[in-house]
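Numbering (mature numbering (1 follows the signal peptide of the UniProt record, and there is no 0)), first residue to last: -30 to -1, 1 to 209. Structure, as structure tokens:
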């Protein structure tokens, strides 16, 4: 994490610029996950006039108890009256939730990931017309022995502004079923991790839900807290 400078955009949360561009292979679309929700989301920087950008995540996902694999649909929407112009959506994983691929998107290099995150992808969007939305199939793994969070910032093309950020918001279950084929997890619910070899499913305490501050001053806090710290590298080549 050399050659970084930190600029406060608003409050406390996330995101990172990226230099590496690795286009991933097409990812299978997530199964029908029912209702979608903007829980844990908040507007940050002011969007262009007539543009209203938000994101949606499924209210419920299922984790395969054998492979730990899960599929998540991430949706960005322009609910305004004007086209968005060039924007990008970031999909970032924390703690027990690791993002393995996002359909048609570029992986964020490990050295460019936000403090506290374990994985991330950036999805470039040339334009999102007024009233339209775009969905991405996200392949991920979830370690049920841990809490897991996901974050969806929506930015301008070069990442200088963040118009909307959902999360880091947790997926979790108060009563995991380690012996079942799959465990359903609900958006906005803190996971009660399964203890190794035991039947007890203790709730994690508040201290476990706070991501430590990095040396560079980037703060990543649990779901429900709005704003972000923007971590930026030295100027990168034009895209």
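We treat Cβ as the ideally placed atom computed from N, Cα and C, and that holds for glycine. Since the structure is predicted, the reported quantities are computational estimates derived from the model, not experimental observations.
Test item: CB-CB of residue i and residue j under 8 Å
| i | j | result |
| --- | --- | --- |
| residue 49 | residue 137 | no |
| residue 111 | residue 30 | no |
| residue 4 | residue 24 | no |
| residue 54 | residue 114 | no |
| residue 103 | residue 21 | no |
| residue 40 | residue 107 | no |
| residue 128 | residue 71 | no |
| residue 123 | residue 135 | yes |
| residue 118 | residue 66 | yes |
| residue 133 | residue 13 | yes |
Residue i classed as buried or exposed, judged by whether at least 16 other C-beta atoms fall within 10 angstroms
| i | result |
| --- | --- |
| residue 227 | Lying before the first or after the last residue shown, residue 227 is absent from the chain, which here runs from -30 to 209. |
| residue 84 | buried |
| residue 80 | exposed |
| residue 36 | exposed |
| residue 51 | exposed |
| residue 17 | buried |
| residue 178 | Note that residue 178 scores 36 on pLDDT, short of 50, meaning its location in the model is unreliable; the coordinates nonetheless yield the value given after this. Exposed, by the Cβ-count rule. |
Cutoff 6 Å; reference residue i; Cβ partners in own chain excluding five residues on either side
| i | result |
| --- | --- |
| residue 89 | 63, 68 and 69 |
| residue 121 | -17, 62, 137 and 138 |
| residue 87 | 62 and 64 |
| residue 156 | 30 |
| residue 142 | 155, 159, 160 and 161 |
Among the options, the one whose alpha carbon lies nearest that of residue i
| i | options | result |
| --- | --- | --- |
| residue 60 | 157, 26, 146 and 5 | 26 |
| residue 146 | 6, 21, 15 and 32 | 32 |
| residue 34 | 57, 151, 115 and 22 | 151 |
| residue 160 | 129, 148, 128 and 116 | 116 |
| residue 94 | 108, 82, 28 and 76 | 76 |
| residue 154 | 12, 13 and 28 | 28 |
Proximal residues to residue i (C-beta, below 7 Å), its chain only, five neighbours per side dropped
| i | result |
| --- | --- |
| residue 131 | 15 and 125 |
| residue 96 | 56 |
Contacting residues, own chain, Cβ-Cβ under 8 Å from residue i (five flanking each side not counted)
| i | result |
| --- | --- |
| residue 6 | 26, 27, 28, 29, 43 and 45 |
| residue 58 | 92, 93, 94, 95, 124, 125, 126, 127 and 129 |
| residue 176 | Confidence is the limiting factor: at residue 176 the pLDDT is only 36, short of 50, which leaves the residue's position unreliable, though a coordinate-based value still follows. Once the five neighbours on either side are set aside, residue 176 has no close Cβ partner at all. |
Chain B within 8 Å of residue i, Cβ atoms only
| i | result |
| --- | --- |
| residue 125 | The structure shown contains no chain B; it is built from a single protein chain. |
Segments of 3+ residues assigned as beta strand (DSSP E) that fall wholly inside the region 118 to 172: 118 to 126, 132 to 142 and 152 to 157
Segments assigned beta strand (DSSP E), at least 3 residues, entirely inside the region 22 to 106: 23 to 28, 30 to 34, 39 to 48, 57 to 65, 67 to 72 and 87 to 95, all fully within the region 22 to 106.
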